Amino acid sequence: MLGVVESVWRYPVKSTGGEPVDRVEVEERGLVGDRLWAVRDADGKFGSGKNSRRFRRMPGLLALRSRYTGDGVEVLDPDGSALTGEGLRAWLGRDDVSLVREGAVSHFDELPVSVLSTATLEWFGQALPGVAVDERRFRPNVVVRTPPGTPPFVEDAWLGRELTVGGVRLEVVRSSERCVMVNEEQRGLPRSSDVLRKIADAHDNKLGVLARVLVPGGFAVGDEVALCT
99 MLGVVESVWR YPVKSTGGEP VDRVEVEERG LVGDRLWAVR DADGKFGSGK
149 NSRRFRRMPG LLALRSRYTG DGVEVLDPDG SALTGEGLRA WLGRDDVSLV
199 REGAVSHFDE LPVSVLSTAT LEWFGQALPG VAVDERRFRP NVVVRTPPGT
249 PPFVEDAWLG RELTVGGVRL EVVRSSERCV MVNEEQRGLP RSSDVLRKIA
299 DAHDNKLGVL ARVLVPGGFA VGDEVALCT
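Following the numbering used here, the numbering of the sequence shown begins with 99 at its first residue and continues without gaps.
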């Protein structure tokens with residue numbers, strides 16, 4: 099046993115702030131409702147924290163939150179008010195964007211489930227005194243509460259292994275490469291370029307791990323997390 103599920107996060111609209119949930123169902127694609135929607139511009143690129151072949155950086159997305167309703171999604175402004183399509187365009191200062199559900203092209207950057215330990219989070223908070231370090235900066239799906247004395251970056255030992263999280267079985271495939279999004283301001287967390295710099299200096303720009311789903315099911319806060327034998 100590695101620990102227990104400390105928290106669960108879902109991000110219904112890609113690159114918006116997430117929603118904490120007590121329990122979640124997981125399918126082969128990933129957490130149900132996670133990154134199922136994205137903001138798309140007239141060029142067909144999805145709003146993100148970075149520019150790439152598929153994604154376009156859209157400042158302002160991270161200040162918003164999204165909430166999965168079971169049959170749809172709500173986008174909320176910092177005050178918690180729901181935004182219409184017109185309101186979203188006004189917030190982003192763009193008239194060429196719309197909210198779209200995932201189609202043939204995945205909204206995930208890479209793999210569908212991200213996992214992070216409290217050991218790594220606690221080390222990070224100590225390594226950057228004076229900087230607000232919070233799990234929300236790193237956008238995990240699962241935060242694992244590891245026992246006292248667990249070393250930081252313990253996730254490296256999980257690479258290539260299988261984990262059970264409640265009733266779900268995951269294969270840990272690779273480390274999570276970090277980008278400038280970890281520096282960005284969001285509610286209660288000011289912008290700080292020190293965050294990405296520290297990850298680069300301390301651990302080759304990697305923090306946490308990414309996994310794929312082998313056996314769907316469900317898990318909840320408090321469920322056991324264990325390495326498969």
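Each residue gets a CB set at the ideal place from its N, CA and C atoms; glycine is no exception.
Just so we're clear, the structure is a prediction, and the values are computed from it rather than from any experiment.
Of the choices the options, whose alpha-carbon is the least far from that of residue i?
{"i": "W256", "options": "T327, L219, R295", "result": "T327"}
{"i": "L294", "options": "G228, L305, P238, K143", "result": "L305"}
{"i": "E275", "options": "A136, F236, V111, G264", "result": "F236"}
{"i": "A309", "options": "A188, D120, L261", "result": "L261"}
{"i": "E172", "options": "S150, V111, R285", "result": "V111"}
{"i": "V271", "options": "W135, L129, T218, V213", "result": "V213"}
{"i": "D207", "options": "D194, R152, V229", "result": "R152"}
{"i": "E200", "options": "L129, G265, A136", "result": "A136"}
For the alpha helix (DSSP H) holding residue i, just list the boundary residues, first then last.
{"i": "V293", "result": "292-301"}
{"i": "R187", "result": "183-190"}
{"i": "W221", "result": "216-225"}
For residue i and residue j, what's the separation of their Cα atoms in angstroms?
{"i": "K296", "j": "E123", "result": "34 Å"}
{"i": "P246", "j": "G142", "result": "47 Å"}
{"i": "T182", "j": "R138", "result": "15 Å"}
{"i": "L100", "j": "G185", "result": "44 Å"}
{"i": "R285", "j": "E269", "result": "32 Å"}
{"i": "V119", "j": "R108", "result": "7 Å"}
What residue range is occupied by the uninterrupted beta strand (DSSP E) comprising residue i?
{"i": "A255", "result": "Taken as a continuous stretch (DSSP letters only), A255 belongs to no beta strand (DSSP E), as it is neither H nor E."}
{"i": "S196", "result": "196-199"}
{"i": "K304", "result": "304-313"}
If you pair each beta-carbon of the segment 307-326 with each one of the segment 218-227, do three or more pairs fall below 8 Å?
Taking 8 Å as the limit for Cβ pairs, the verdict is that the segment 218-227 does not touch the segment 307-326.
Tell me, please, whether the segment 151-160 touches the segment 183-201 by the rule of three or more beta-carbon pairs shorter than 8 Å.
Yes, they touch.
Return the chain-ordered ranges of every beta strand (DSSP E) run that is complete within the segment 106-139 and spans a minimum of 3 residues.
117-119, 121-125, 135-138, all fully within the segment 106-139.
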